[in-house]
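Take a look at the structure set out below.
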Amino acid sequence: GILKRSNIINSQVARLRGGGPKPKTKAKIVTIKTKKSAVEEWWFSYPFITRWWFAVCVTTTLISWERIPFAMPATGLILHWPAVLKLQFWRLLTTFTYFGSVGHNMLMETVFMLNYSKSLEVMYNGKRAQYLWHLMLNGSALMVLNAFLGMIGIGMDQEDGSKIPGLPFLAQPLLYSIVWMWTRQNPEVQMSVFGFFNVKAVYFPWFLLAYHCIMGGGLNIFYLMGFIVGHIFFFLNHLHPTTKGMSFWNAPAFLENLLPLDNVATGSKGGVVAGSGQGEEGDDKKGASPPRPTFVGKGAKLGKK
340 GILKRSNIIN SQVARLRGGG PKPKTKAKIV TIKTKKSAVE EWWFSYPFIT
390 RWWFAVCVTT TLISWERIPF AMPATGLILH WPAVLKLQFW RLLTTFTYFG
440 SVGHNMLMET VFMLNYSKSL EVMYNGKRAQ YLWHLMLNGS ALMVLNAFLG
490 MIGIGMDQED GSKIPGLPFL AQPLLYSIVW MWTRQNPEVQ MSVFGFFNVK
540 AVYFPWFLLA YHCIMGGGLN IFYLMGFIVG HIFFFLNHLH PTTKGMSFWN
590 APAFLENLLP LDNVATGSKG GVVAGSGQGE EGDDKKGASP PRPTFVGKGA
640 KLGKK
């Protein structure tokens, strides 16, 4: 017993002098946080589908820009079914991603798309596959409607005197179908028009049509096509008692596997999962903020190329 006490005293004295065994210390984990650049912050401020739709739109515009030596002519991007049947499948995508050649109008339409697509996509609460699927459904409906327009004589005149039936590009109609859907899900939101006056969101599509007519543009066929398809989609998916709960509106399994739920985007409060055909309205929907800035795009007159 005396020997044991002596060993304890000696070890304590050695520790006080800086010797002896040192107590074990836990390794510190150092996390280095890098600050995102302004471009990264801007890029990731938009939901997944919206930002990549924008990226493809810019790419489509650049590869057809005549100032680039290897540019593809815009006619190689249009929706032309005989060319699609010849395995030019990219036309099924580029018809929805081309807002015109590089210029002011293309920039305005692209920013318009960014704002409204973002405002609608965030209502899906991270369901990226669901939002993409609904864009695909709207795009398919626009193709059917476009084929009907071709049957009644609307199309793009060619240099050789022939005519390509229907509209060559459907990016703007797809955009305005989104505008219609967003305004129907946020009907009471006040939209600021050029900062001069406000319009309720439910009336905003009609304001766009009226403004275009007043400015001498006539009936904008892009607006009309988008509003028709957007209304059909919203009615069948949200209002009709038979169709609104159908599994048809849910994204296919392959899209769900390709684009799983974005957990970062699911932190939003309440609200309706847009396009689900179900759900309860939360308090935050009443205070939904409209996309900014609010301005009007420019399109072609009815029946013109």
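For the sequence shown, position 269 matches number 608 in the numbering used here, and the numbering has no gaps at all.
Think of the CB as a built atom: it goes at the ideal place given N, C-alpha and C, for glycine as much as any other residue.
These figures come from a predicted structure and were not determined experimentally.
Asked, Found
"Residues bridged to Ile503 [DSSP beta-bridge criterion]", "Met495"
"Buried versus exposed call for Ile491 [16 or more other C-beta atoms within 10 Å across all chains shown]", "exposed"
"Glu620 versus Ile567 - alpha carbon distance", "In this prediction, Glu620 has a pLDDT of 38, which is less than 50 and means its spatial position is unreliable; what the coordinates show is noted afterwards. Those two C-alpha atoms are separated by around 25 Å."
"For Asn537: DSSP bridge partner residues", "Ser531"
"Reference Trp420, options Glu379, Lys502, Pro412, closest by Cα", "Lys502"
"is_contact[Ile407, chain D] using C-beta, thresh 8 Å", "Any reference to chain D falls outside this structure, which holds one protein chain only."
"Contact between the segment 570-578 and the segment 512-529 (3+ Cβ pairs under 8 Å)", "yes"
"Reference Phe394; option with closest CA among Gly557, Gly565, Leu453, Trp588", "It should be noted that the sequence gives Ala, not Phe, for residue 394. It is Leu453."
"Meets three-Cβ-pair contact criterion under 8 Å: the segment 576-584 and the segment 425-442", "no"
"Those residues which DSSP pairs with Asn454 across a bridge", "Paired residues: none, contrary to the question."
"Contained alpha helix (DSSP H) runs [length at least 4] in the segment 426-491, N- to C-terminal order", "430-433, 443-460, 467-490"
"Cβ neighbour criterion (16 or more within 10 Å) applied to Leu424", "exposed"
"Collapsed DSSP secondary structure at Gln617 in the structure displayed", "Since pLDDT at Gln617 reaches only 45, below the 50 mark, its modelled position is unreliable, and no value is offered."
"Inter-residue spacing [alpha-carbon to alpha-carbon] between Ser376 and Ser384", "12 Å"
"Buried or exposed by the 16-neighbour rule on C-beta atoms within 10 Å, applied to Glu379", "exposed"
"Exposure label - Thr581; buried when at least 16 CB within 10 Å", "exposed"
"Through-space distance from Ala486 to Ala422, alpha-carbon basis", "15 Å"
"Residue nearest to Trp404 in terms of C-alpha spacing, selected from Arg390, Phe438, Arg430, Lys374", "Phe438"
"Collapsed DSSP secondary structure at Asn602 in the structure displayed", "helix"
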